[in-house]
Amino acid sequence: MDELNYLKNVSGDNYSTLSINNKSKFINPYENLKRGIWLYLLLLIFEGGLRKWVFPDLATPLLLVRDPLAIWLLIIAWKRGVFVFNVYVVSIYIIAITAFFTAIFFGHGNFFVGIYGVRTLIVHFPLIFIIGNVFNYDDVLKIGKFIVWLTPPMTILLFLQFYSPQSSFVNRGVGGDVAGGGFSGALGFFRPPATFSFTNGTALFYSLSACFIFYFWLGAKQYINKTLLICATVALLISIPLSISRTLFFSILVTAFFILIAMLRRKKYILQVVIIVVLAVGSFAALSQLKLFQTATEAFTTRFSDASETEGGLQGTLQKRVIQTLIGPIANSDQLPFWGYGIGMGTNVGSMLLTGKNQFLVSETEWGRLIGEMGILMGGCVILVRLILTGKIALASFRTISTGELLPWILTSYCIITLPQAQWAQPTALGFSVFVAGLTVASIRIMKKTDTTLNKPQPINSPAQIS
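Below, the structure written as structure tokens:
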């Protein structure tokens, strides 16, 4: 489609008759969408800070602060023609609508709990493809540079939270809770939540930061200030013990493993990987001379060993996280109602509305929640859709390695953990899972043909276009 026809299609008017001011707004018809996506990211990162420090009295409504924005993005995307009902979205919509009615007639029967439950699928899931259709290479790089830029100050906050008492201002919990927002760690230290409502946000943020830091070191240093990159790398290393998070540690290892695979496929990355390893080891050795870093490292290793002993070593950890978390819900599905207990019941908000208490009414794990809420048929279908989409993304990103572009493959190391089984009942996990999946789809699409005149993204209409 040429520029004139495209602008006429977007505006619904004759482009030649428009005023200069009206023409200017069609130079980049996706600008408002891009700004909305950026706002989604900012609210995702700083929503916890708003609920803890800025507007503690509005902590409950701020829990859903991204939902109206996501709905607005869907509406604008529909008007701009980039909200495409592909097989993934259609499948999820059919399941979500069906699950809502089965929850009302065969499950918990609470209208508001059902609405809260379906919002994750109807409102947030399609954002994966909207972000993927709208963002171009520069947009993804800007996101990456912003995350890298934010890593050092985030680590300073993490440091203050780690060494401050839970009663201090930096450790305030949601709603200004003076009991603190930290979570049990080791040696009397708590896992700090940084700017997030819960500590899982810390691991999710730094896992994404690691992806972009690795990417910029691997031949993309020209896109970012080298001093900033070095500072962010050191901050990432410091964040691992300060977070007392095994999830973060394993996530970074997964990203490193993906880079190793890329190195085996394209030998040119060997030198860059060696440089990264040398810098990381040198930085860790230097940091280890600092007493404060030693204390944090001791707490981290203690937490690691204590949890490993509790779970029965590496074999027990794998059994708990793989068998009980993933296989267990499917194997035990015959003990549940066929239609489940009702969508939304497994969320914290759902439990508060149904019982007045914040508790797990269904399951602590994502697959267990999905099957418990919707039953083995619909819950299993949601899991299957997420698994198939993850597989398509992984396969498509792997193919881009041969082009010399590592960004999709490195981002996939994040998606492969969060997209299939992140706890979408928790808003922060939902937000990061959807947002990074969108970035990954965008980075894959960038490798395909685009309209260079308008920089118009090619909508993803089918699974084949992802792979």
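Here the sequence shown is numbered in the numbering used here, starting from 806 and rising by one per residue. Idealized CB from N, CA, C, for every residue including glycine. A quick note: this is a predicted structure, and the numbers were derived from the prediction, not measured.
Selected residue, minimal CA-CA separation from residue i, among the options
i	options	result
P1134	L1058, T1217, R1174 and L1095	R1174
Y835	L878, R871 and S1048	L878
W954	G919, L1194 and A1037	A1037
T1060	S1238, W1214, G853 and V859	W1214
G886	T925, I909, I936 and V918	I936
F1019	Y1074, L1097 and N1153	Y1074
F1063	G980, I1221 and T1107	I1221
D944	Y968, A864, I842 and R977	I842
I1176	S1218, S1156, M1157 and T1130	T1130
S1048	F967, G1024 and V1079	F967
F964	E1178, A1040 and V894	A1040
I1230	V975, N1163, Y942 and G854	The question names Ile, yet the displayed sequence has Ala at residue 1230. When each option's Cα is compared against that of A1230, the closest is N1163.
L1053	D872, L1097, G1087 and F1109	F1109
S896	P873, L1065 and M1183	M1183
T1102	G978, F994 and F934	F994
Y1011	A1090, P958 and T903	P958
S1050	Y1028, T1004, L849 and W1144	T1004
T1152	G949, V1167, N1030 and L867	V1167
T1093	L1158, T1107, N837 and P1046	Sequence check: residue 1093 is Ser here, not Thr. It is P1046 whose Cα lies nearest to the Cα of S1093.
L1158	P873, Y893, L868 and F917	F917
S969	G980, G986 and G981	G986
I1249	I1132, K1197, T1223 and T865	K1197
V979	I920, P866, V889 and F888	P866
N1156	G919, V983 and S973	In the sequence as displayed, the identity of residue 1156 is Ser instead of Asn. The shortest C-alpha separation from S1156 is found at G919.
L849	L1023, Q971, K839 and L869	L869
Y942	A1025, Y898 and A1090	A1025
G949	Y1028, F888, Y898 and S973	Y1028
W1144	L838, T903 and A1201	T903
N938	A1008, L1009 and L838	L838
L1058	V1082, K1072, Q1077 and L1076	V1082
I952	V1079, S1138, A1199 and L1009	L1009
V1154	L847, A864, F860 and V859	A864
R890	F1240, T956, T1223 and F934	Reading off the sequence, residue 890 comes out as Phe, not Arg. Looking at the Cα atoms, F934 is the closest of the given residues.
F988	G981, Q971 and V975	Q971
L855	D1139, K947, G981 and L1200	G981
Residues bridged to residue i [DSSP beta-bridge criterion]
i	result
R996	F988
Whole-number beta carbon distance between residue j and residue i, since they are thought to touch under 8 Å
i	j	result
L1192	C1016	Contact flag wrong, Cβ pair sits at about 21 Å.
F851	T1000	5 Å
G1006	P998	6 Å
L1211	A1067	6 Å
A882	Y845	That belief does not hold up - the Cβ atoms of A882 and Y845 are roughly 12 Å apart, past 8 Å.
V1187	I900	6 Å
G1180	L1141	6 Å
A1227	E1171	6 Å
G922	E1178	7 Å
K857	R977	5 Å
F940	A1247	4 Å
S1014	L1042	At roughly 11 Å, the Cβ-Cβ gap does not stay under 8 Å, so S1014 and L1042 are not in contact.
Y1295	L1194	Since the displayed the chain opens at 806 and closes at 1272, residue 1295 lies outside it and no answer follows.
W1022	L1034	7 Å
D872	R840	Actually they are not in contact, since the Cβ atoms of D872 and R840 sit about 18 Å apart, beyond 8 Å.
L1189	T1107	At roughly 40 Å, the Cβ-Cβ gap does not stay under 8 Å, so L1189 and T1107 are not in contact.
S1002	G1161	Wrong, their Cβ atoms sit about 20 Å apart, outside the cutoff.
9 Å Cβ cutoff, residue i in contact with chain B
i	result
S1093	Of the protein chains in this structure there is only one, and it is not chain B.
Which ranges does the alpha helix (DSSP H) cover as unbroken runs of at least 4 residues, wholly within the region 1032–1094, from first to last along the chain? Whole alpha helix (DSSP H) segments, 4+ residues: 1051–1070 and 1075–1092.
At 4 residues or longer, and completely inside the region 1164–1234: list those alpha helix (DSSP H) runs for me, N to C. Within the region 1164–1234, the complete alpha helix (DSSP H) segments at least 4 residues long are 1171–1205 and 1212–1226, listed from N- to C-terminus.
Report the start-end ranges of each alpha helix (DSSP H) in the region 832–870 that is 4 residues or longer and not cut off at the edges. Those alpha helix (DSSP H) runs which fall completely within the region 832–870 and span 4+ residues are 836–854 and 864–867.
Can you list the alpha helix (DSSP H) stretches of 4 or more residues lying completely in the region 896–949, in chain order? For the alpha helix (DSSP H) assignment, the uninterrupted runs of no fewer than 4 residues enclosed by the region 896–949 are, from N- to C-terminal side, 916–924 and 932–939.
Does the region 912–930 touch the region 1146–1155, meaning 3 or more C-beta pairs lie closer than 8 Å? Yes, since at least three Cβ pairs between the region 1146–1155 and the region 912–930 fall closer than 8 Å, the two stretches touch.
Closer than 8 Å is the cut-off here; do at least three beta carbon pairs connect the region 892–912 with the region 1198–1211? No, the region 892–912 is not in contact with the region 1198–1211.
Are the region 1231–1239 and the region 923–935 touching, with three or more C-beta to C-beta distances below 8 Å? As far as the Cβ criterion goes, the region 1231–1239 touches the region 923–935, which means the pair count is three or higher.
In chain order, which continuous runs of the alpha helix (DSSP H) of length 4 or greater are located wholly inside the region 1127–1156? List check, alpha helix (DSSP H) in window: 1133–1136.
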